[in-house]
Amino acid sequence: MAQPDIQAKLNLVHDALARKDWRTATALCIEILKHAPRQADAHLVLGLASAEAGKIDMALRAFDTVLKIDPKRFDARIQKARCLVQAGHHAAAEAEAEQCIESAQLNSKQLDLLATIYSHIGKQETAEPLIHHAAKLAPNDAAILSNAAAIQLFVGQKQRAVANLERILERYPDHCRSHWQLAKARSAEDIQHCLAMESLLTNSDLSPQSRVYLHYALGKEYEDLQHWPQAWEHYAQGAALQRQHTHYQGRDDQALFNTLAQHFDLHWFDSTAESSRSDNAAPVFIFGLPRSGSTLVDRILSSHSQVQSLGELAQWPLTVKRLAEIREPGLFRVDIATRASKLDLRSAAENYLRDIVFLRGHSAMFTDKLPANFLYAPLLAKAFPNAKLVHVRRNPMDSCFAMYKQLFADAYPFSYTLEELADYYIGYHRLMAHWRNLLGDRLIEVDYDTLVQAQETQTRTLIDRLGLPFEPSCLEFHHTPGASATASAAQVRQPMHRQSLGRWRQFSEQLEPLRERLQLAGIPLDD
14 MAQPDIQAKL NLVHDALARK DWRTATALCI EILKHAPRQA DAHLVLGLAS AEAGKIDMAL
74 RAFDTVLKID PKRFDARIQK ARCLVQAGHH AAAEAEAEQC IESAQLNSKQ LDLLATIYSH
134 IGKQETAEPL IHHAAKLAPN DAAILSNAAA IQLFVGQKQR AVANLERILE RYPDHCRSHW
194 QLAKARSAED IQHCLAMESL LTNSDLSPQS RVYLHYALGK EYEDLQHWPQ AWEHYAQGAA
254 LQRQHTHYQG RDDQALFNTL AQHFDLHWFD STAESSRSDN AAPVFIFGLP RSGSTLVDRI
314 LSSHSQVQSL GELAQWPLTV KRLAEIREPG LFRVDIATRA SKLDLRSAAE NYLRDIVFLR
374 GHSAMFTDKL PANFLYAPLL AKAFPNAKLV HVRRNPMDSC FAMYKQLFAD AYPFSYTLEE
434 LADYYIGYHR LMAHWRNLLG DRLIEVDYDT LVQAQETQTR TLIDRLGLPF EPSCLEFHHT
494 PGASATASAA QVRQPMHRQS LGRWRQFSEQ LEPLRERLQL AGIPLDD
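First residue of the sequence shown: 14, per my numbering; consecutive thereafter.
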């Protein structure tokens, strides 16, 4: 195939990409590579197509091929870094991303992608100047400004984030993600923003995802304004719409709970030796259900001079999955749980610590607050004899309502119907009772409701359980610098308050099916 013909084919590839027609683009690239096997653009597109299909290993091979052909193809290197993040190789992703920063300085899209990569690996302070620069280069790009606002909220730059969101909505009043972000960023003081969003919902051409954003934003702002019926109406509509586009089978989670309880029983716990390592790492694993106060506890602990917060890390479940040799999608699966009880715990611990070394400072004690680590509590206890296991729990009704009204990215798919939410809570409650019997004093439990009502007493008790001297800064956690990349990013920068205690009661009638389901399962509701 002559060069002009190759270029013509590449033009067709770019047209297909513009239509997001990955099948056509892939077929064209394969045809090009038959005649020109070192055509870097064709390999790049094959990598992009593989990444789009979730075939990360294939994508990485394609991007590596591009870089062998031309080591200066930073567009391929950035995409490689993005795929390494998806594969859980965060240190390797950072090494690739770092090589691209200088070359991306005049390219807003590449800066945006680099900022996203750094944000995903927990380096919000590195991400923020990159996305800030991208926003300067592209002041009218709604997607970039929206990403900038998200990262700015993570690092506590609320005013800058709100300004960016208002700039987007002034120019693009139908950018629904920005409406949702703005609703989360500050409390509504009047109904004007609600009216604007209600008007947008009348547009029949609005996409389902845009409607989801608007419903959750309206729910949040009507709740701010104490317009309870309207708040519930929009939370319920948003959740129902999100559930329609969420692939979830509740029986899979129930099977996972049962498998974990069967394999990690008293015999396993008594007969499994603790991992022996010579390093001084003392992780503090903070876990429980999302929206139950784990971010608050993490902030309190990381306000101590001897504790470093690493945020929500996926490294432990990724390590378990890798050593279990499971390649199918998903971090929490029955087949992983089945094999996890037979893992080499020393190797698991060493893998985990190696994967997070790029985040760690000089503190021996650091927090990992991935909520779903509650699934692996006994495994963590054996793999890390020096670890502290902190379970944060909350009133069941407040806990469930807090999850129900939160639009999560791609996690916690059980939270969009009251029935599935109740069933997951029941499974979690029973599993934690099983873990409590195994772990005994190894499990440190923090009750959110008690913590916010007796802040100093409970904080002192918690710090003491970690074997640390008390420091007054732990009571002033809202002044502690540092990023918080969670749904609670705005709340943890405020002093402790009781506003969310018993909030579910404003919606007691609508939540009655959830309450009945929990009661039938014997869950104590403390009401």
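Built from N, CA and C at the ideal position, the CB exists for glycine as well.
Remember, predicted model here, so these are calculated numbers, not experimental data.
The alpha helix (DSSP H) spanning G263 covers which residue range? As a working mapping, residue 263 is identified with position 250 in the sequence shown. Unbroken alpha helix (DSSP H) run through G263: 263 to 276.
Quick one: Cα of Y261 to Cα of A21, how far? Position 248 of the sequence shown, counted from the start, is the residue given in the question as residue 261. Position 8 of the sequence shown, counted from the start, is the residue given in the question as residue 21. Approximately 43 Å between the Cα atoms of the pair.
Helix, strand or coil: which one does DSSP assign to H375? Against the sequence shown, residue 375 aligns to sequence position 362. Looking at H375 - three-state DSSP - the assignment turns out to be coil, as it is neither helix nor strand.
Flag this pair as touching only if the region 446 to 459 and the region 265 to 283 have three or more C-beta atom pairs under 8 Å; answer yes or no. yes
Provide the residue span of the alpha helix (DSSP H) that contains S223, from first to last. Position 210 of the sequence shown, counted from the first residue, corresponds to residue 223. 221 to 237 is the span of the alpha helix (DSSP H), which, as asked, contains S223.
By Cβ distance, which residues of its chain are closer than 8 Å to I19, with the 5 residues on each side in sequence left out? Here residue 19 corresponds to residue number 6 of the sequence shown, with the count starting at 1. Only I45, H48, A49, Q52 meet the Cβ criterion.
On the CB-based measure, 16 or more other CB atoms within 10 Å of its CB, does H404 come out buried or exposed? The residue you call residue 404 lines up with position 391 of the sequence shown. Buried.
With distance defined between alpha-carbon atoms, name the residue in D283, S521, A110 nearest to D411. Position 398 of the sequence shown, counting from 1, holds the residue named residue 411. It is S521.
Just the Cα atoms here: how many angstroms apart are L479 and A106? Locating residue 479 in the sequence shown gives position 466, where the first residue counts as 1. Locating residue 106 in the sequence shown gives position 93, where the first residue counts as 1. Approximately 33 Å, taken between the alpha carbons.
Beta-carbon separation (whole angstroms), I181 vs A155, contact threshold 8 Å: On the sequence shown, residue 181 is found 168 positions in, with the first residue counted as 1. On the sequence shown, residue 155 is found 142 positions in, with the first residue counted as 1. With a Cβ gap of about 5 Å, I181 and A155 count as contacting.
The alpha helix (DSSP H) enclosing A156, as first and last residue numbers: Here residue 156 corresponds to residue number 143 of the sequence shown, with the count starting at 1. 155 to 167 is the extent of the alpha helix (DSSP H) around A156.
Between which two residues does the beta strand (DSSP E) carrying L456 extend? Position 443 of the sequence shown, counted from the first residue, corresponds to residue 456. Run containing L456: 456 to 460, per the beta strand (DSSP E) assignment.
Are the CB atoms of V225 and Q255 within a distance shorter than 8 Å? Taking the sequence shown and counting its residues from 1, the one referred to as residue 255 is at position 242. Taking the sequence shown and counting its residues from 1, the one referred to as residue 225 is at position 212. Contact: yes.
Check whether A253 and L444 have beta carbons under 8 Å apart: Position 240 of the sequence shown, counted from the first residue, corresponds to residue 253. Position 431 of the sequence shown, counted from the first residue, corresponds to residue 444. No, they are not a contact pair.
Whole-angstrom C-beta distance between I313 and S307, which should lie under 8 Å: As a position in the sequence shown, residue 307 is number 294, starting the count at 1. As a position in the sequence shown, residue 313 is number 300, starting the count at 1. Actually they are not in contact, since the Cβ atoms of S307 and I313 sit about 11 Å apart, beyond 8 Å.
Nearest residue (CA-CA) to D381, options N364, H375, A400: Numbered from 1 along the sequence shown, position 368 holds the residue referred to as residue 381. Answer by Cα proximity: A400.
Let's see if you can read the secondary structure: which residues bound the alpha helix (DSSP H) around L127? What you label residue 127 is simply residue 114 of the sequence shown in a count that begins at 1. Run containing L127: 121 to 133, per the alpha helix (DSSP H) assignment.
Rounded C-alpha distance that separates S132 from Q123: Against the sequence shown, residue 132 aligns to sequence position 119. Against the sequence shown, residue 123 aligns to sequence position 110. Roughly 14 Å between the two C-alpha positions.
Report the three-state DSSP secondary structure of G101 (helix, strand or coil). Walking along the sequence shown from the start, residue 101 turns up at place 88. Three-state DSSP puts G101 in coil, outside helix and strand.
Kindly indicate which three-state DSSP category A390 falls into: helix, strand or coil? Within the sequence shown, residue 390 is the residue found at index 377, counting from 1. Note: A390 maps to helix in three-state DSSP.
Short check: CB of F427 to CB of D266, under 8 Å? Position 414 of the sequence shown, counted from the start, is the residue given in the question as residue 427. Position 253 of the sequence shown, counted from the start, is the residue given in the question as residue 266. Yes; because the gap between Cβ atoms is below 8 Å, this pair is in contact.
Going by DSSP, what residue range makes up the alpha helix (DSSP H) through R190? Taking the first residue of the sequence shown as 1, we reach residue 190 at position 177. First-last of the alpha helix (DSSP H) with R190: 189 to 198.
Distance check for R455 and R352, CA to CA, integer angstroms please. Looking up residue 352 in the sequence shown gives position 339. Looking up residue 455 in the sequence shown gives position 442. When rounded, the distance between both Cα atoms is 24 Å.
To the nearest angstrom, report how far apart A327 and D477 are at their CA atoms. As a first step, residue 327 must be located in the sequence shown, where it is residue number 314. As a first step, residue 477 must be located in the sequence shown, where it is residue number 464. Distance between the alpha carbons of A327 and D477: 28 Å.
Here's the rule I'm using: 16 or more other beta-carbon atoms within 10 Å means buried, otherwise exposed. How should G301 be labelled? The residue you call residue 301 lines up with position 288 of the sequence shown. By the 10 Å Cβ count, G301 comes out buried.
With DSSP collapsed to three states, give me the class of D34. Walking along the sequence shown from the start, residue 34 turns up at place 21. D34: coil per DSSP, three-state reduction.
To which residues of the same chain is T472 closer than 7 Å at the C-beta, ignoring the five residues directly before and after it? Counting from one through the sequence shown, the residue named residue 472 turns up at place 459. Once the five neighbours on either side are set aside, the close Cβ partners of T472 are I313, C487, L488.
Give the secondary structure of T380 by DSSP, where H, G and I count as helix, E and B as strand, and everything else as coil. By 1-based counting over the sequence shown, the position of residue 380 is 367. Reduced to three states, the DSSP call for T380 is strand.
Three CB pairs or more closer than 8 Å across the region 230 to 249 and the region 319 to 333: no
By how many angstroms is the C-alpha of A38 removed from the C-alpha of N24? Numbered from 1 along the sequence shown, position 11 holds the residue referred to as residue 24. Numbered from 1 along the sequence shown, position 25 holds the residue referred to as residue 38. So the alpha carbons of these two residues sit roughly 10 Å apart.
DSSP puts V297 in a beta bridge; with which residues? As a first step, residue 297 must be located in the sequence shown, where it is residue number 284. Paired residue(s): T380, K401.
Every unbroken beta strand (DSSP E) within the region 416 to 475, with a cutoff of 3 residues, ordered by chain: 456 to 460
Under the rule that 16 or more other beta-carbon atoms within 10 Å means buried, what is H492, buried or exposed? Numbered from 1 along the sequence shown, position 479 holds the residue referred to as residue 492. Answer is exposed; the Cβ neighbour count stays below 16.
In the DSSP assignment, what residue or residues form a beta bridge with S322? Indexing the sequence shown from 1 puts residue 322 at position 309. Answer is T380, bridged to S322.
Which of the three DSSP states is assigned to R340 in this structure? Here residue 340 refers to the residue found at position 327 of the sequence shown. It is coil, neither helix nor strand.
Would you call the CB atoms of H103 and F371 closer than 8 Å? Taking the first residue of the sequence shown as position 1, residue 103 is located at position 90. Taking the first residue of the sequence shown as position 1, residue 371 is located at position 358. A contact, by the Cβ cut-off of 8 Å.
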